[in-house]
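Just add 351 to the spot in the sequence shown (first one is 1) and you have our numbering. Working notes for the structure below.
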Amino acid sequence: MRHLLSILTIAMISFSSLVANTPEWKLDKGHSNVMFTVTHLVISEVMGRFNDFDVTLRTSKDDFSDAAVEAVVQVGSIDTDNERRDGHLKSDDFFNAESFPTMKFAATKFEKVGERSYKITGNLTIRDVTKSVTFDAVNLGTVKSEQMGTRTGWKATAKINRFDYSLKWNRAIEAGGLVVGQDVTITLNLQFRQ
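If you want it as structure tokens, here you go:
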């Protein structure tokens, strides 16, 4: 038993050391956004954003093929340019921001599928529901500057069914369909610096 505890302790220290020594890219929030779109009355799309979020990116490889990503979004920062609608989205009909103030994403797989294309799969938690989601991502490039340091840009998109995450408000319209569509497209535009 003592031998097993020693092995576990060494493994935990080694893992912690590995994570701590993996270079971290810091999010440039002024040049990043978390957006979403959803259909309204079947005939148009409404766009919204979250204004308070953080994303960490760690990698030891220039091509990001071993990257680890985690994101936290503050639900109360939702902004659709309509205060009444934002209040409804924060209610229990949708996000229930009071009981579930954050959404979280933690990548479980970061797969390079093309020269600059990636599939980023991970666990997305909204309210008290966690499901696997895959983002289609593109690395827009990396630049180096004496004034601004090294920077890299990413765009990632995924589509989720809001009902899977208990974003349950629903009203049918006479012509057929829902007032608010079930599919939500998430778009991340992220810039990181070292």
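We put the beta carbon where it would ideally sit given N, CA and C, even for glycine.
Item                                                                                                                                                          : Value
Which of the three DSSP states is assigned to E497 in this structure?                                                                                         : coil
So, helix, strand or coil for S428, using DSSP?                                                                                                               : helix
For the alpha helix (DSSP H) containing K441, name the first residue and the last one.                                                                        : 434-441
For T485, which residues of its own chain have a beta-carbon under 6 Å away from its beta-carbon, when the five flanking residues on both sides are left out? : K470, T472
Residues bridged to G304 by DSSP?                                                                                                                             : The structure shown does not extend to residue 304, since the chain is modelled only from 352 through 545, so no value can be given for it.
Alpha carbons only, please: which of T407, D430, V424 is nearest the one belonging to R400?                                                                   : D430
Report the option in K482, P452, L440, D487 whose CA atom is closest to the CA atom of K463.                                                                  : D487
Work out the CA separation of E434 and N447 for me, nearest whole Å.                                                                                          : 16 Å
How about V406 and L378: are their beta carbons less than 9 Å apart?                                                                                          : yes
Out of curiosity, what's the CA-to-CA distance linking E375 and T410?                                                                                         : 7 Å
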